[in-house]
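Residue numbers (our numbering): 14 to 492.
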């Protein structure tokens, strides 16, 4: 069992106590009107500091005795959760431990529900720490506590904080403690939390039940491959199926990765982590859908039994694949799962995968590429990402590039012969869908390279919240 999988941050108070410091949010356009409401000494502090209300600027205003009596913070329009992560980070760095233990912080209730909710989300994210493997600190500096604002959508805030932190923890776990069996247990822990059902097809049963590509990728590892399925919801609700690439470590196989590219390959289960994070949001928000989650778990390892360049494997769909590159394994574990997931004709099929370096090269670390076989889904997901500070960017399923995956001995190569690797990956996956199922594929990086307030270096969500908002808009919120 993965310890502390649900050890979510909770830097909030139910009710205000006597020592509450207000957090005053401003922009350059609203700073003047805000200053008019402050007393003369406070205005003098602001004017003397050079504070302009720009996004990311923070200033602690103090009374005549030197005690903090309010925090002035510059935020964006519309407000981003990371604005409030920055505020919480600033407060923790600039106030003493004694003050943080004695005081709480509060937002102004006249803010909109959206802004209050986004503020709480960012405050919670900033309190996340992955310290399971570090010696406990004798007296760790506390995170500042925020009084729950009455006008916030508390359920959404808690759900979003927890789902993102779940993704971070799964991606941050070292591979020696998170193999295929442990990933299966993580799915089961999430399922138990929401009274969902699970079943697993493992090892050679994958061959018996016709998941040969998943088996081929994982057969060289003593940590046996498996397909883990979780189901939840009312059978009369629209069916939504989520598939996650769960490669618990990727050596590249016999096409071995160079050391610098292998260093963070514990994150190659990032797609599975995103699938579970999205499932957590759907179930905790009680979205009226019939949910199925499929996690293809395997370790791409090196052994005398490893799949080889030139091997040909017949997929669940019946299409044959020539293994041109053993390091293009993610699309293989996804292909069988996508076929299986589309056989029962869901209303929407989504997959998450840390699939290609090409997507990262094109869009960087923060923005995942995504593909869809329906134009409406392309537009709706891009809009949802923009509106909810979770940007995603569409790339085309450009059919002429499919010929670059032709094989002389099989139906397809598992990798393209030219550039546009992210598009090749999307085109390959599309071939394994059944029933013309509406489908979205997200090629995500799942890693924060540098770290910033609310988004520490390590495992990170990219695109998951945008997909949740798309689902919520299409199928409704909880009653």
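We treat Cβ as the ideally placed atom computed from N, Cα and C, and that holds for glycine.
Around the Cβ of residue 272, a 10 Å sphere holds fewer than 16 other Cβ atoms; the residue is exposed. The alpha-carbon separation between residue 265 and residue 489 amounts to approximately 41 Å. Taking a C-beta distance under 8 Å as the contact criterion, residue 97 and residue 69 do not qualify as a contact pair. Contact between residue 184 and residue 286 holds, since their C-beta atoms are separated by about 5 Å, short of 8 Å.
The criterion of a C-beta distance shorter than 8 Å is not satisfied by residue 236 and residue 260. Note that the region 398 to 407 does not touch the region 433 to 444; fewer than 3 beta-carbon pairs, one per stretch, sit closer than 8 Å.
For residue 325, the secondary structure class from DSSP, reduced to helix, strand or coil, is strand.
Taking a C-beta distance under 8 Å as the contact criterion, residue 367 and residue 281 qualify as a contact pair. Put simply, the backbone Cα of residue 241 is about 12 Å away from that of residue 224. The criterion of a C-beta distance shorter than 8 Å is not satisfied by residue 26 and residue 165. Around the Cβ of residue 228, a 10 Å sphere holds 16 or more other Cβ atoms; the residue is buried. DSSP, read as helix, strand or coil, puts residue 307 in strand. Its chain contains no residue whose beta carbon lies nearer than 7 Å to that of residue 392 once the 5 sequence neighbours on both sides are disregarded. Rounded to whole angstroms, residue 339 and residue 326 show a C-alpha spacing of 12 Å.
Within 10 angstroms of the beta-carbon of residue 137 lie 16 or more other beta-carbons, which makes it buried. Ranked by Cα distance from residue 103, the first of 78, 156, 65, 375 is 156. For residue 447, the closest C-alpha among the options 386, 303, 100, 169 is that of 386.
Cα atoms of residue 131 and residue 33: separation of roughly 20 Å, rounded to the nearest angstrom. In the structure shown, residue 383 adopts extended strand secondary structure according to DSSP, grouped into three states.
Looking at the DSSP output, residue 258 sits in a beta bridge with 309. Fewer than three beta-carbon pairs drawn from the region 306 to 321 and the region 374 to 388 are found closer than 8 Å, and the two stretches are therefore not classed as touching. 284 is the residue among 219, 203, 429, 284 whose C-alpha sits nearest the C-alpha of residue 460.
Residue pairing by DSSP places residue 161 in no beta bridge whatsoever. Between the C-alpha atoms of residue 256 and residue 107 there is a straight-line separation of about 43 Å. If you draw a straight line from the Cα of residue 181 to the Cα of residue 15, it comes to about 14 Å. Per DSSP, the beta bridge partners of residue 86 are 38, 71. Rounded to whole angstroms, residue 73 and residue 360 show a C-alpha spacing of 51 Å. If you look at residue 454, you'll find it in the beta strand (DSSP E) that goes 452 to 456. Burial of residue 313 is indicated by the presence of at least 16 other C-beta atoms within 10 angstroms of its C-beta. Burial state of residue 57 is exposed, judged by a 10 Å Cβ sphere holding fewer than 16 other Cβ atoms. Close CB contacts of residue 129 within its chain, under the 7 Å cut and outside five residues either way in sequence, are with 120, 162, 164, 165 (chain order). For residue 39, the closest alpha carbon among the candidates 54, 23, 83 is that of 83. In chain order, 335, 426 place their CB closer than 7 Å to the CB of residue 420, counting only its own chain and leaving out the 5 sequence neighbours on each side. C-alpha of residue 311 to C-alpha of residue 190: approximately 14 Å in a straight line. Its chain contains 322, 426, 427, 428 as the residues whose beta carbon lies nearer than 7 Å to that of residue 337, once the 5 sequence neighbours on both sides are disregarded; these appear in chain order.
Rounded to whole angstroms, the Cβ separation of residue 71 and residue 100 is 6 Å, and the two are in contact under 8 Å.
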